[in-house]
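Number of protein chains: 2
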Amino acid sequence: MRHRRRTGNEIKAALRDLRIQLALLNHQVGGRLALKDVDLDCLDVLARSGPLTPSALARQAGLHPATLTGILDRLERAGWIARDRTGADRRSVTIRVLPDRGMEVFRLYQPMMGAMDDVLTDYTDTELDLIATFLRRSAEACERVLGRSAQE
Amino acid sequence: MRHRRRTGNEIKAALRDLRIQLALLNHQVGGRLALKDVDLDCLDVLARSGPLTPSALARQAGLHPATLTGILDRLERAGWIARDRTGADRRSVTIRVLPDRGMEVFRLYQPMMGAMDDVLTDYTDTELDLIATFLRRSAEACERVLGRSAQE
DNA sequence: TCATATAGTATGGAACTCATAAGATATGAG
DNA sequence: CTCATATCTTATGAGTTCCATACTATATGA
Chain U
79 MRHRRRTGNE IKAALRDLRI QLALLNHQVG GRLALKDVDL DCLDVLARSG PLTPSALARQ
139 AGLHPATLTG ILDRLERAGW IARDRTGADR RSVTIRVLPD RGMEVFRLYQ PMMGAMDDVL
199 TDYTDTELDL IATFLRRSAE ACERVLGRSA QE
Chain R
79 MRHRRRTGNE IKAALRDLRI QLALLNHQVG GRLALKDVDL DCLDVLARSG PLTPSALARQ
139 AGLHPATLTG ILDRLERAGW IARDRTGADR RSVTIRVLPD RGMEVFRLYQ PMMGAMDDVL
199 TDYTDTELDL IATFLRRSAE ACERVLGRSA QE
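From first to last, the protein sequence lines are chains U and R. Using our numbering, you'd call the opening residue of the first sequence number 79 and step up by one each time. Using our numbering, you'd call the opening residue of the second sequence number 79 and step up by one each time.
Okay, structure coming up:
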């Protein structure tokens with residue numbers, strides 16, 4: 079029982095560590111592409127959640143709409159994204175990541191991907207499934223916490 | 079074999095997701111304390127790696143030394159840290175997190191801690207150990223990757 | 001038709017980051 | 001011991017970024 083609690087705390091501490099390390103990795107990757115941390119975060123969200131409008135992106139990234147205009151200007155000028163104005167609502171704009179530069183980012187994350195592959199070889203299929211599920215559930219838990227406290 | 083590869087990719091994707099969510103959580107917590115993301119990151123590193131000199135902290139946080147001066151000025155003014163000048167080398171300064179405000183941060187992370195506890199109840203002791211080890215090894219892998227590419 | 005709401009962006013002021021340089025102290029060669 | 005050099009931290013100034021507000025254009029509903 080005591081062991082259980084201790085392991086739980088170790089998991090949380092490890093998670094905190096991992097977050098810092100991944101943030102540093104992103105910072106480094108961003109540096110090589112002349113991108114701010116926030117800019118890379120936005121690209122990341124865009125790559126995952128598909129094309130988005132500026133307002134939706136601002137909400138998901140926790141940024142002020144006006145701040146996002148600046149970020150999008152930078153990203154557009156550097157050829158990372160395109161602003162499409164083809165929707166039914168002519169006020170609205172959808173942001174799309176241009177595909178070729180997406181590869182460029184992918185390449186810079188390769189070393190980390192390789193390192194993760196090394197870690198993963200030591201686990202059985204069942205264990206990998208367990209880990210994947212745990213990570214997904216943790217991300218969801220975090221998202222729920224965020225949503226709950228954003229209401230107030 | 080194909081399933082194995084797919085699960086591996088899912089793990090990496092989930093890790094990316096988790097990073098974003100945790101970054102948002104930090105952003106939100108930082109907002110309630112009137113702290114920039116970078117400032118909170120520095121506090122986090124300090125809380126984990128113990129008292130540090132500005133140079134060491136700048137290295138660990140991937141920041142320019144001069145940038146760190148500004149950050150430390152803010153943190154000191156707001157009562158988060160103290161600059162101690164008691165070392166043998168009188169050029170050097172050690173940064174220390176003041177204990178009382180540390181509690182304040184802890185409280186803001188409580189909801190997330192609770193959510194994690196909920197997730198963890200579903201796992202056996204052996205599974206928790208497995209997860210803890212995986213997370214530690216991933217963080218170490220990330221750290222190694224960072225170290226390697228920082229040399230160039 | 002007109003009032004109101006919404007999407008995105010321009011504007012200006014305050015704050016931030018970083019390269020350079022300066023001040024203070026340590027270290028090592030002669 | 002002295003002096004040149006290296007190291008640690010911080011001041012300075014230029015350029016950039018963030019955000020609150022206000023504005024334009026479009027949509028929606030009475």
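Even glycine gets a Cβ: it sits at the ideal position worked out from N, Cα and C. These numbers were taken from a predicted model, which means no experiment stands behind them.
Checklist entry - Looking at the structure shown, is residue 174 of chain U part of a helix, part of a strand, or coil, going by DSSP? => result strand
Next on the checklist: List, from N- to C-terminal side, the alpha helix (DSSP H) runs of 4 residues or more that fit wholly inside the region 167–218 of chain U.
Outcome noted: 177–198
Next on the checklist: Using CA atoms only, rank isn't needed, just tell me which of U:100, U:170, U:210 is closest to residue 129 of chain U.
Outcome noted: It is U:170 whose Cα lies nearest to the Cα of residue 129 of chain U.
Checklist entry - Between the beta-carbon of residue 206 of chain U and the beta-carbon of residue 89 of chain R, is there less than 9 Å? => result Contact: yes.
Item to check | Supposed contact pair residue 220 of chain R and residue 79 of chain U - C-beta distance, whole angstroms, cut 8 Å | outcome: Between residue 79 of chain U and residue 220 of chain R, the beta carbon gap of about 32 Å keeps them out of contact (Cβ cut-off 8 Å).
Next on the checklist: Do residue 136 of chain U and residue 142 of chain U have their beta-carbon atoms positioned less than 9 Å apart in this structure?
Outcome noted: yes
Next on the checklist: With the cut-off set at 9 Å, would you say residue 111 of chain U and residue 183 of chain U are in Cβ contact?
Outcome noted: Cβ distance < 9 Å, so residue 111 of chain U and residue 183 of chain U count as in contact.
Checklist entry - With distances taken between CB atoms, is the gap from residue 224 of chain R to residue 99 of chain U smaller than 9 Å? => result yes
Item to check | Closer than 7 Å at the beta carbon, the chain U residues around residue 120 of chain R | outcome: None at all; the shortest Cβ gap to chain U is about 10 Å.
Item to check | Residue from U:202, U:210, U:227 with nearest C-alpha to residue 96 of chain R | outcome: U:210
Item to check | Interface residues of chain U facing residue 207 of chain R [CB-CB closer than 7 Å] | outcome: 85
Checklist entry - Which residues share a DSSP beta bridge with residue 160 of chain U? => result U:174
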